[in-house]
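0 is the number of the first residue of the sequence shown in numbering that gives the first Met the number 0; add one for each residue after it.
Here's the structure we're looking at; comments come further down.
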Amino acid sequence: MNILNELKVNIGISALVGLIGGILLGVRNSITAILDHAPHPFPFSKMLSFSLYPIALYALIGCLGMTVIGILIIMLVRVGGYTINRNQVAGLYVGVFVALVLSVVGSNIAGLTTIKENPSTVIEISLISILCGVAFGGLTIYILDKTRKNRLIALCLSLSISLLVFSYGVAWMNMNLLPGFWKPVSLLSDVGLFWLISLLALALYLLFLSVLQRDKPEAKIERIGAFSSLGVVAFVFIIVSLIVYFSGNNVKSLEVKNALVSNEKKTLADLKDKPNILWIVMDAVRADSLSCYGYHRKTTPNIDRMSSEGVLFENAISASPWTLPSHASLFTGMYPDKHGTDAEHRYLTDNFYTIAELLQSYGYKTFGYSNNPWVGPDTNLHQGFDIYEVNEEGPVHSPLVNVAMRRIPNPIGAEDAGARQTNELVEKWIANCYNAKMPFFIFINYMEAHDPYGNTPYFRRYLDANISTAKAKGVNQNPVDYISGNVKMSHEDFEILRTLYDGDISYLDVKMNQLLDYLRQLNIMDNTVLIITSDHGESFGEHHLMSHMLGVYDTLLHVPLVIRYPKLFKAGSRVVRQVRTIDIFPTILDILGINWSGAEELQGRTLVQETQQRELPFAIAEQEILQDVLNELIKANPSFDISTYSRRLKAIRTNKYKYIWASDGRDEFYNIREDTGELNNLNKNSARKSAGIKNVFEAY
Numbered sequence: 000m001n002i003l004n005e006l007k008v009n010i011g012i013s014a015l016v017g018l019i020g021g022i023l024l025g026v027r028n029s030i031t032a033i034l035d036h037a038p039h040p041f042p043f044s045k046m047l048s049f050s051l052y053p054i055a056l057y058a059l060i061g062c063l064g065m066t067v068i069g070i071l072i073i074m075l076v077r078v079g080g081y082t083i084n085r086n087q088v089a090g091l092y093v094g095v096f097v098a099l100v101l102s103v104v105g106s107n108i109a110g111l112t113t114i115k116e117n118p119s120t121v122i123e124i125s126l127i128s129i130l131c132g133v134a135f136g137g138l139t140i141y142i143l144d145k146t147r148k149n150r151l152i153a154l155c156l157s158l159s160i161s162l163l164v165f166s167y168g169v170a171w172m173n174m175n176l177l178p179g180f181w182k183p184v185s186l187l188s189d190v191g192l193f194w195l196i197s198l199l200a201l202a203l204y205l206l207f208l209s210v211l212q213r214d215k216p217e218a219k220i221e222r223i224g225a226f227s228s229l230g231v232v233a234f235v236f237i238i239v240s241l242i243v244y245f246s247g248n249n250v251k252s253l254e255v256k257n258a259l260v261s262n263e264k265k266t267l268a269d270l271k272d273k274p275n276i277l278w279i280v281m282d283a284v285r286a287d288s289l290s291c292y293g294y295h296r297k298t299t300p301n302i303d304r305m306s307s308e309g310v311l312f313e314n315a316i317s318a319s320p321w322t323l324p325s326h327a328s329l330f331t332g333m334y335p336d337k338h339g340t341d342a343e344h345r346y347l348t349d350n351f352y353t354i355a356e357l358l359q360s361y362g363y364k365t366f367g368y369s370n371n372p373w374v375g376p377d378t379n380l381h382q383g384f385d386i387y388e389v390n391e392e393g394p395v396h397s398p399l400v401n402v403a404m405r406r407i408p409n410p411i412g413a414e415d416a417g418a419r420q421t422n423e424l425v426e427k428w429i430a431n432c433y434n435a436k437m438p439f440f441i442f443i444n445y446m447e448a449h450d451p452y453g454n455t456p457y458f459r460r461y462l463d464a465n466i467s468t469a470k471a472k473g474v475n476q477n478p479v480d481y482i483s484g485n486v487k488m489s490h491e492d493f494e495i496l497r498t499l500y501d502g503d504i505s506y507l508d509v510k511m512n513q514l515l516d517y518l519r520q521l522n523i524m525d526n527t528v529l530i531i532t533s534d535h536g537e538s539f540g541e542h543h544l545m546s547h548m549l550g551v552y553d554t555l556l557h558v559p560l561v562i563r564y565p566k567l568f569k570a571g572s573r574v575v576r577q578v579r580t581i582d583i584f585p586t587i588l589d590i591l592g593i594n595w596s597g598a599e600e601l602q603g604r605t606l607v608q609e610t611q612q613r614e615l616p617f618a619i620a621e622q623e624i625l626q627d628v629l630n631e632l633i634k635a636n637p638s639f640d641i642s643t644y645s646r647r648l649k650a651i652r653t654n655k656y657k658y659i660w661a662s663d664g665r666d667e668f669y670n671i672r673e674d675t676g677e678l679n680n681l682n683k684n685s686a687r688k689s690a691g692i693k694n695v696f697e698a699y
């Protein structure tokens, strides 16, 4: 074969391998991206246009890349004075192709079974894929090459690597799926698996032998070894598929299993028949946006169902209008002025015992997953959790898929902000505890309803048909621009944002129910204390505020609270009296019957017998000076007068009245029973009542 023909053949094969590999990568990443938007129904034409673009990009890059590699190989061979062995080149391409296919399939499965591709998992899959590629490449050379020395080397290479991959699979299986590495059951399983491989290889050999009857006798002898080894390597495909599938769970499963072992004896002795606890915080969800709270849209049919099976607290008040201090209060059962975690001190000190630490000390397996970085290791809110994960980015797509998503306007709607991936990991935690017969405490923070609004596949669910997607997406969502006066916003603008927000809540309602369906599937729903609440509400232009900052009005403080546990809470109960989110901590202790010596430090009280208790005298909420926000306001509009918001706020609230103390002296007083929007400041007109509540506040 002359040089020109060699170039044509090798470059052609290189381009073909790159093209097919690129298509596989494009399909893999497109499918993953599409799944991030499930269960949103979208037109097939949009799905097709969305998928074809990244597939085409990957195919083009793969084709060009492998073509360049093919040219470089030929150049290196020629410069070195070597001749090209067509059989070895064929083996090389087969090996590259097999490694590429396994890597794509493996990473796809791992990507679907983990919250994000763990670096160790990626390395593991890549190494296995490369080894299998080498094995198949060697097998190809053995079949095609007629040189005894080359065939012997290729056969030994294929078989040894096949056995290496098999041994890895056996070792992993013994440590993770079977009783132990050297346990009799594990070793017997290994032997059985080895014989299964041998029988499979023999079956394949006999199958191909029947085909070879048409060939010359010597051809049969030459190919017996080839097809026998083909059987072994073919079975490696099965082993690798299992390894790759479970390696998606591997990192997390090992962590979970290690956590499950630590307190096993104590748990089995002390926590028999204790319920599981699943605590869900829907970040930035105000109570009046849920249909079970009387909202005019049917936004939350699944939460409605939970409220009908448990108790709904109609007037639950958060301790803060934003994430960090609110979550610190949830975890400690204390107001912000006691735990001291806020914008000025962004770290919960180790001096305070969290609910996770307490339950962990009693033997519960504690897991936390937050889609909000304010709730995690950076702020020390992860203390007490055996495993704690923070997803700061939402679903992660490959660069070329991101290019496709930017190029095609709203190809499938919008992003899943992490709920799908959150549920996948949480279900693994639940499954591990279920199999180990150990109770769990799981905390989840979902971010679907958090701004930016319209960030889920349900973004058009409540939008008027006359409002285009472009118009909805074009509405300002920057609270600094609005508050500083840089951007004027109409009533219609806020209505559009509210409908986007409602769609996000509906999507979250669906994803939460999918997780609850898993509890039902395991038949542990009734033995699980389900707590659904929020850390704070959201403003949509009320009091010239937007998002969740700079105020302590009920749009920011009134949050949903639903507790379902049939053994203690009567189905369909509704508590009108005011309660607080700091009451959740002592409620959990009461449900579990834990008499903790530190309970006297808690500022909340149990809600187990709330219908029989007297009404709380008041609820407190606090807003510190948000200097970062003030700086942004000045940056956006240098002429903006920040004195309006450069102040501390503390609200004291009863079911009827609300007093807001302001550090600049501009106090406010509202009859919230009659003035639910807090529009009529009675501070001057109702001096006596205002002074009475203020005295209670100052005494506190």
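Backbone N, C-alpha and C define an ideal beta-carbon position, used for all residues, glycine too.
These numbers come from a predicted model, not from an experiment.
Item, Value
"Quick check: the Cα distance between P451 and Y57, rounded to an integer number of angstroms?", "30 Å"
"First and last residue of the alpha helix (DSSP H) that includes E491?", "H490 to Q520"
"Check whether the Cβ atoms of V551 and Q608 lie closer than 7 Å to each other.", "no"
"Measuring alpha carbon to alpha carbon, tell me which residue in T66, I127 and P53 is nearest G17.", "T66"
"Using beta-carbon positions only, say whether A418 and I504 come within less than 7 Å of one another.", "no"
"For the structure I just gave you, are there three or more beta carbon pairs, one from the stretch 490–507 and one from the stretch 452–461, closer than 8 Å?", "yes"
"Excluding the 5 residues preceding and the 5 following M333 in the sequence, name in chain order all residues of the same chain whose CB lies nearer than 6 Å to its CB.", "Q602"
"What does a CB cutoff of less than 7 Å around T353 pick up in its chain, not counting 5 residues either side in sequence?", "F330, T331, Q382 and G383"
"Out of S166, P376, N275 and S319, point me to the one whose CA is closest to H557's CA.", "S319"
"Rounding to the nearest angstrom, what Cα-Cα distance links V93 and T139 in this structure?", "7 Å"
"Touching or not, the stretch 429–449 and the stretch 477–490, by the rule of three or more beta carbon pairs under 8 Å?", "no"
"By the DSSP assignment, the beta strand (DSSP E) with F366 in it spans what residues?", "K364 to S369"
"Assign N444 to one of three DSSP states: helix, strand, or coil.", "strand"
"What's the gap between the Cα of N477 and the Cα of L632?", "11 Å"
"Are the beta-carbon atoms of F717 and C432 separated by less than 7 Å?", "Only positions 0 to 699 of the chain appear in the structure, and residue 717 is not among them; the question remains open."
"Taking all protein chains shown into account, decide if K74 is buried (16 or more other Cβ within 10 angstroms of its Cβ) or exposed.", "The sequence as given places Met at residue 74; Lys does not occur at that position. Looking at its Cβ environment, which holds fewer than 16 other Cβ atoms inside 10 Å, M74 is exposed."
"Specify, as a first and last residue, the run of the alpha helix (DSSP H) that W428 falls within.", "A418 to A435"
"Please report how far the alpha carbon of S467 lies from the alpha carbon of M548, in whole angstroms.", "29 Å"
"Less than 8 Å between the CB atoms is what I'm expecting for I60 and V26, so what's the real figure, rounded?", "Between V26 and I60 the Cβ distance is about 14 Å, and since that is not below 8 Å, they are no contact."
"In chain order, what residues of the same chain lie with their CB nearer than 6 Å to the CB of A355, ignoring the 5 residues before and after it?", "T365, G383 and F384"
"For W321, which residues of its own chain have a beta-carbon under 7 Å away from its beta-carbon, when the five flanking residues on both sides are left out?", "H535, H547 and M548"
"When we look at the beta-carbon of G136 and count the other beta-carbons within 10 Å, is it buried (16 or more) or exposed?", "buried"
"Could you pull the DSSP bridge partners for T527 from this structure?", "N275"
"I need the DSSP call for A661, collapsed to helix, strand or coil.", "strand"
"Could you spell out where the beta strand (DSSP E) holding Q382 opens and where it closes?", "Taken as a continuous stretch (DSSP letters only), Q382 belongs to no beta strand (DSSP E), as it is neither H nor E."
"Return yes when the Cβ of C62 is within less than 7 Å of the Cβ of A134, no when it is not.", "no"
"Straight-line CA distance for V374 to W660?", "28 Å"
"Out of curiosity, what's the CA-to-CA distance linking P183 and L518?", "34 Å"
"Kindly provide the ranges of any alpha helix (DSSP H) runs that are 4 or more residues long and lie completely inside the stretch 303–367, ordered along the chain.", "322–331, 335–338 and 354–360"
"By Cβ distance below 6 Å, which residues in the same chain neighbour Y644 in space, the five residues on each side in sequence not counted?", "L549"
"Measure the alpha-carbon distance for L71 versus V95 and round it to whole angstroms.", "15 Å"
"Take the Cβ of W278 as the centre, count every other Cβ of all protein chains shown within 10 Å, and call the residue buried at 16 or more, exposed below.", "buried"
"Is N670 helix, strand or coil when you go by DSSP?", "strand"
"What span of residues does the beta strand (DSSP E) with Q577 cover, start to end?", "S572 to R579"
"Return the CA-CA distance between L617 and L560, expressed in angstroms with no decimal places.", "It should be noted that the sequence gives Phe, not Leu, for residue 617. Their backbone Cα atoms lie some 17 Å apart in a straight line."
"I need the straight-line Cα distance from P565 to D189, nearest angstrom please.", "46 Å"
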